[in-house]
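Here UniProt numbering is used: the first residue of the sequence shown is 1, the next is one more, and so on. Built from N, CA and C at the ideal position, the CB exists for glycine as well. Nothing here was measured: the structure is a model prediction, and the numbers come from that model. The structure appears below as structure tokens.
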Amino acid sequence: MLAGGTYTTNELARLRKVGPSTVRRWRTAKPPQGPPFIAMSSRHILYSAIDVDRWPAARRIEPVKAA
């Protein structure tokens, strides 16, 4: 097991308050849009808890401050 644990697609969906289909869409988008994932098989996908925690920070956008 990875340090920090892992989440399944359904667990990640509950954590981020989205549907499992949204998580699958993130994963299958070109390019992928969601957190990094580990494909144990074509049907068994895991997400590192560390990656899941870091993912929102990587998507953070700083608003431009008016001069």
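ask   = Which of the three DSSP states, helix, strand or coil, is assigned to residue 86?
value = Lying outside 1 to 67, the shown extent of the chain, residue 86 is not represented and no answer is given.
task = Can you give me the start and stop residues for the beta strand (DSSP E) that I45 sits inside?
result = Where I45 is concerned, the enclosing beta strand (DSSP E) stretches over I45 to S48.
message = By the three-class DSSP mapping on this structure, what secondary structure does A58 have?
response = In the three-state reduction of the DSSP assignment, A58 falls in the helix class, which pools H, G and I.
ask   = In three-state DSSP terms, what is T9?
value = For T9, the secondary structure class from DSSP, reduced to helix, strand or coil, is helix.
inquiry  = In whole angstroms, give me the CA-to-CA distance for E11 and R25.
reply    = Their backbone Cα atoms lie some 15 Å apart in a straight line.
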